[in-house]
Amino acid sequence: MQQIIDYFHKGCVIPELEQNNKADVLRCLVDALYSAHNLQDRELALDQILAREATESTGIGHGIAIPHARVGRLNKLHCAVGRSTKGIDFSAVDHKNVHLVFLIVYPPTQQNKYLDFIATMIRLLRNPNNFKALMAAPDAKSILATLEQLTDLTGSPQNGIEQDLAAINAEHIRDAQANYSLMVRLQLLLENLATVQKGKKQYQERIEKTRKLIDPALLSHFDKLMRSRPPAVVAVEGDTCQGCYMKLPSQFAQQVRMEPHKVHTCPNCRRYILLI
216 MQQIIDYFHK GCVIPELEQN NKADVLRCLV DALYSAHNLQ DRELALDQIL AREATESTGI
276 GHGIAIPHAR VGRLNKLHCA VGRSTKGIDF SAVDHKNVHL VFLIVYPPTQ QNKYLDFIAT
336 MIRLLRNPNN FKALMAAPDA KSILATLEQL TDLTGSPQNG IEQDLAAINA EHIRDAQANY
396 SLMVRLQLLL ENLATVQKGK KQYQERIEKT RKLIDPALLS HFDKLMRSRP PAVVAVEGDT
456 CQGCYMKLPS QFAQQVRMEP HKVHTCPNCR RYILLI
């Protein structure tokens with residue numbers, strides 16, 4: 216199972232974006248990512264990312280944007296990073312300029328990996344100290360090194376669960392982002408357990424350790440969903456639940472945006488929803 220840092224590449228890190236507007240920034244990052252990995256369908260990816268932004272900004276607040284697209288003919292998730300000292304108008308939810316842009320493309324077959332990645336990054340980046348560390352890194356190499364250091368806690372399946380226990384246990388066990396991140400991680404671990412030929416015992420141990428970190432009431436509903444209509448945690452794209460493909464009522468969608476400290480479920484299918 217890959218670590219979060221494995222999805223980054225030095226050629227996809229731009230320590231100081233020269234572009235001043237959202238569209239140019241997105242094109243720059245798509246070009247960097249597709250050139251570094253020699254990927255196909257560059258224009259398709261850009262069109263999908265721009266279309267997503269036209270529907271709703273991926274500026275999640277706190278100086279961060281996470282534009283993303285599900286693209287065919289990919290075999291894994293890729294991420295490019297751009298930084299702007301001055302800041303870029305992304306029409307973010309908090310109406311503040313964006314300084315860190317994490318652009319993600321992923322294949323349709325890796326929805327759970329995508330959710331695990333993005334939930335982990337949101338939780339990590341909303342920590343002001345982590346944000347400051349990334350802004351202070353002097354160059355692309357240092358940005359990658361900082362990301363590796365920061366994601367070692369949340370992004371390592373081998374030892375992250377034990378470290379999460381110490382970090383989350385007392386203070387953050389009721390925190391929505393922590394629970395979202397852990398439930399998405401649990402969902403991915405269960406998917407991998409069903410497909411791997413070797414190391415099943417290790418996966419089972421990680422699953423049990425992860426379960427112990429999740430709020431019991433949330434875990435109970437998670438289990439019911441996984442038994443009756445998996446997946447239990449889904450993304451919301453353009454205010455549409457990706458579990459039942461029903462559009463969320465506009466007032467409810469706005470409430471979810473205004474309450475990032477709470478865990479929400481789709482009013483229609485009752486799956487946990489991660490508004491991205």
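Everything in the sequence shown is counted per my numbering, starting at 216 for the first residue and increasing by one.
Positions of the beta carbon are idealized from the N, C-alpha and C atoms, including for glycine.
Fair warning: this is a prediction, and the values are worked out from it, not measured in the lab.
Which residue marks the beginning of the alpha helix (DSSP H) containing Val-471, and which one marks its end? 465 to 473 is the extent of the alpha helix (DSSP H) around Val-471.
If I measure Cβ to Cβ from Ile-358 and keep anything under 8 Å in the same chain, skipping five residues before and after, which residues do I get? If we look at Ile-358 and ignore the five residues flanking it on each side, its Cβ neighbours are Val-228, Pro-230, Val-296, Arg-298, Leu-349, Ala-352.
Check whether the region 417 to 427 touches the region 455 to 465, taking contact to mean three or more Cβ pairs, one atom from each stretch, closer than 8 Å. Taking 8 Å as the limit for Cβ pairs, the verdict is that the region 455 to 465 does not touch the region 417 to 427.
To the nearest angstrom, report how far apart Phe-332 and Val-399 are at their CA atoms. Rounded to whole angstroms, the gap between the alpha carbons of Phe-332 and Val-399 is 9 Å.
Could you give the residue range of the alpha helix (DSSP H) that holds Val-245? Per DSSP, the continuous alpha helix (DSSP H) segment holding Val-245 begins and ends at 237 to 252.
Does DSSP classify Leu-524 as helix, strand or coil? Residue 524 lies beyond the range of the chain shown here (216 to 491); nothing can be said about it.
Straight-line CA distance for Met-336 to Pro-322? For Met-336 and Pro-322, the distance between alpha carbons rounds to 18 Å.
Sheet register partners of Val-308 (DSSP bridge): As DSSP reads the structure, Val-308 sits in no beta bridge.
Would you report the Cα separation of Leu-244 and Leu-318, rounded to the nearest angstrom? Cα to Cα, the separation comes out at about 7 Å.
Suppose you measure from the CA of Leu-397 to the CA of Ile-219; what does that come to, to the nearest Å? Leu-397 and Ile-219: Cα-Cα distance of roughly 14 Å.
Tell me the rounded alpha-carbon separation between Tyr-395 and Pro-464. Roughly 22 Å separates the two Cα atoms.
Three-state secondary structure (DSSP) at Pro-230? The answer is coil: DSSP assigns Pro-230 none of H, G, I, E or B.
Coarse secondary structure for Lys-356, derived from DSSP in three states: Of the three classes helix, strand and coil, the one that applies to Lys-356 here is helix, per DSSP.
Looking at the secondary structure, which residues open and close the beta strand (DSSP E) in which His-314 lies? In the DSSP assignment, His-314 falls within the beta strand (DSSP E) that extends over 313 to 321.
For Leu-241 and Leu-259, which I take to be in contact (beta-carbon distance under 8 Å), what is that distance rounded to the nearest angstrom? Going by Cβ atoms, the distance from Leu-241 to Leu-259 rounds to 13 Å, so no, they are not a contact pair.
His-436 - containing alpha helix (DSSP H), residue span: It spans 431 to 443 - the alpha helix (DSSP H) in which His-436 sits, taken as one unbroken run.
Which one of Ile-281, Leu-428, Ser-272, Val-320 has the shortest CA to CA distance from Leu-289? Nearest of Ile-281, Leu-428, Ser-272, Val-320 to Leu-289, Cα basis: Val-320.
In the structure shown, what three-state DSSP assignment does Arg-338 receive? Secondary structure at Arg-338: helix, using DSSP grouped into helix, strand and coil.
In terms of residue numbering, what span does the beta strand (DSSP E) encompassing Glu-452 cover? Residues 448 to 452.
For the structure I just gave you, are there three or more beta carbon pairs, one from the region 398 to 413 and one from the region 438 to 450, closer than 8 Å? As far as the Cβ criterion goes, the region 398 to 413 touches the region 438 to 450, which means the pair count is three or higher.
Is Arg-486 helix, strand or coil by DSSP? Residue state, collapsed to three classes: coil.
Beta-carbon proximity check, Ser-306 vs Gly-278, cutoff 8 Å: Pairing Ser-306 with Gly-278 gives a Cβ-Cβ distance that is not under 8 Å.
With DSSP collapsed to three states, give me the class of Ser-371. Reliability of the predicted coordinates at Ser-371 is poor, the pLDDT of 45 falling under 50, and the value obtained from them is presented with this limitation in mind. In the three-state DSSP reduction, Ser-371 falls in the coil class, being neither helix nor strand.
Could you please give me the residues that DSSP links to Ile-279 through a beta bridge? In the DSSP output, where bridge partners are listed per residue, Ile-279 has Gly-276, Leu-315.
Enumerate in chain order the residues of its own chain whose CB-to-CB distance from Lys-301 is below 7 Å, with the five nearest sequence positions on each side excluded. Contacts found: none.
So, under 8 Å CB-CB, Gln-263 and Ala-284 are touching, yes? Tell me the CB distance rounded to an integer number of Å. Contact holds; Cβ gap of about 4 Å.
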